[in-house]
Structure formats: C-alpha cells, structure tokens
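Colleague: Protein chains in written order, with my numbering: chain A, 4 to 93; chain B, 4 to 93.
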DNA sequence: CATTTATATGAATTTGTATTCATATTTTGG
DNA sequence: CCAAAATATGAATACAAATTCATATAAATG
C-alpha cells in the first residue's frame with residue numbers, strides 16, 4: 004500500500020535522477036543531451052533513465068537515431084510540491 | 004538551491020523514516036510507542052527521529068519522563084501529494 | 001539520593017545502491 | 001550491406017547510509 008509511495012520516493016531521492024528530472028522539466032531531451040548537460044557518463048545516465056522509467060516518471064520515444072525522454076506531466080506538480088515544502092521548512 | 008529539496012527527499016525516502024512519518028500522521032507519539040508500533044530497535048528509531056528532526060519534518064517536546072514527537076503540519080500535505088502521485092502513476 | 005525508566009549517541013558493521021567499465025544492441029546514413 | 005552513432009545492459013567495484021551494539025545522559029520516582 005504505502006509500498007509504491009516508498010518506491011517512488013526512493014527513485015526521486017537520488018542526486019543524479021533528481022537532476023535528470025530537473026533537466027527534463029525544461030523540456031524533452033535525448034540521452035546525449037542529458038549526458039552533456041549533467042556532465043556524467045553515458046552509461047550512468049542510461050541506468051538512471053531506466054530506473055525513472057520503471058517508476059513511470061518519464062517516457063521515451065525514438066526520434067531518428069536518438070531516443071528522446073520526457074517527463075510525465077504528473078511529475079511537474081510533484082516537483083512543485085517538493086520545492087514548496089523545502090522552501091517552507093526551517 | 005535544489006540542494007535542500009534533495010536533502011528533504013532523501014530524508015523521507017527511507018523505509019523506517021517513512022513509517023515513522025505515517026505513524027505520526029495518526030497523532031503524536033513518544034519514542035517507545037513508535038518503537039513498539041514499528042517493532043524496531045529503540046536506538047534505530049532514535050537515530051531516525053534525529054534525522055527527521057534535522058530536516059524540520061518533526062518536532063519534539065518533553066512530557067514527564069517521555070519525549071513526544073509530532074509531525075510538522077506541512078508534512079501532512081506533502082504526504083498527501085506523494086500518495087496522490089503514487090496512485091496516479093501506472 | 002539512588003535507582004529505574006526513557007531516550008540519545010558514537011563507533012563498528014552490514015547492506016543497499018550508485019558508479020564504472022567493458023561490451024552488446026539498434027538504427028541510420030553512406 | 002557496412003560502419004558509425006546512439007543507447008542499453010551486466011557484472012565488478014566503490015560508497016553511502018542503515019542497522020546494531022554498547023554505553024551515555026537525563027529526568028522522575030520511591
């Protein structure tokens with residue numbers, strides 16, 4: 004029951020994955036663009052993209068030889084919720 | 004900037020700490036009550052309570068020989084947000 | 001005031017997960 | 001078709017954080 008909630012939180016609460024989400028918040032991106040923006044290894048980004056996708060937080064589609072990832076719209080609200088709480092606390 | 008947000012997420016995204024929050028959602032509790040409800044070691048619960056407090060998610064006060072913890076009201080909304088997202092996804 | 005009860009703390013260990021590295025897969029463009 | 005570009009995958013390693021254990025602290029009660 005609260006199990007899915009924890010899985011979700013664990014997925015978001017990683018620095019690299021959180022950064023990916025913030026990047027995708029600005030608009031859809033292919034893997035290499037994300038890799039460049041975050042200055043991380045390609046395989047690392049790829050691993051995290053899979054994790055985010057498994058949780059349903061992002062979606063992918065092929066575009067030519069690239070694969071483009073985009074945020075699930077619901078995540079936008081959630082990121083706003085997190086920001087709001089973070090600002091209000093302390 | 005997004006640093007506080009990550010700290011917050013990491014704090015919530017632990018099974019034991021998340022369970023503590025869910026317990027406190029039902030009402031304020033002393034350490035031993037939480038320990039009993041979750042069936043965890045006292046020192047473990049104590050460690051996690053400190054972590055939650057450091058993030059401002061819970062507050063404590065002494066009551067006789069016991070110490071009572073309670074949820075910060077802002078956390079209630081946030082837990083609802085998490086539940087909402089979790090339900091909507093997939 | 002000593003003892004007991006309740007909680008906190010620190011260090012040691014364990015465990016889970018992120019990162020890296022090497023390589024596989026897939027598609028496109030020549 | 002072949003080679004190159006883009007992404008994915010699996011296993012090995014490195015790291016961070018959770019748990020445990022032993023003990024300290026603090027307050028209340030007889």
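We put the beta carbon where it would ideally sit given N, CA and C, even for glycine.
Which value, in whole angstroms, describes the spacing of the CA atoms of residue 30/B and residue 90/B?
Modeller: Their backbone Cα atoms lie some 24 angstroms apart in a straight line.
Colleague: Starting from the N-terminal side, write out each stretch of the beta strand (DSSP E) that is 3 residues or longer and does not extend beyond the stretch 19-75 of chain A.
Modeller: Runs of the beta strand (DSSP E) inside the stretch 19-75 of chain A: 61-66 and 69-74.
Colleague: Here's the rule: buried if 16 or more other CB atoms are within 10 angstroms of the residue's CB, otherwise exposed. What is residue 79/A?
Modeller: Label assigned to residue 79/A: exposed.
Colleague: Checking contacts by CB at 9 angstroms: is residue 84/A closer than that to chain B?
Modeller: Answer yes: the Cβ-Cβ gap between residue 84/A and chain B drops below 9 angstroms somewhere.
Colleague: Could you tell me the alpha carbon to alpha carbon distance between residue 41/B and residue 68/A, rounded to whole angstroms?
Modeller: Going by the C-alpha atoms only, they are around 51 angstroms apart.
Colleague: Quick check on residue 12/A - is its C-beta less than 9 angstroms from some C-beta in chain B?
Modeller: So yes, residue 12/A belongs to the interface.
Colleague: Tell whether a beta-carbon distance below 9 angstroms holds between residue 11/B and residue 88/A.
Modeller: Against a cut-off of 9 angstroms, the Cβ pair of residue 88/A and residue 11/B comes out as a contact.
Colleague: Work out the CA separation of residue 55/B and residue 15/B for me, nearest whole Å.
Modeller: Taking the straight line from one Cα to the other gives about 8 angstroms.
Colleague: Considering only their Cβ atoms, is the gap separating residue 82/B from residue 24/B smaller than 9 angstroms?
Modeller: Yes; because the gap between Cβ atoms is below 9 angstroms, this pair is in contact.
Colleague: For a contact meaning CB atoms closer than 8 angstroms, what does residue 15/B contact in chain A?
Modeller: Under the 8 angstroms cutoff, chain A gives 12 and 16.
Colleague: Can you tell me whether residue 65/A is buried or exposed? The criterion is at least 16 other CB atoms within 10 Å of its CB, across all chains shown.
Modeller: Exposed: under 16 other Cβ atoms inside 10 Å.
Colleague: Please state whether the Cβ-Cβ distance between residue 34/B and residue 49/B is less than 9 angstroms.
Modeller: Yes.
Colleague: By how many angstroms is the C-alpha of residue 17/B removed from the C-alpha of residue 18/A?
Modeller: In a straight line, the C-alpha of residue 18/A is about 15 angstroms away from that of residue 17/B.
Colleague: Going by the CB atoms, is the gap between residue 60/B and residue 75/B shorter than 9 angstroms?
Modeller: Yes, the pair counts as a contact, with Cβ atoms nearer than the cut-off.
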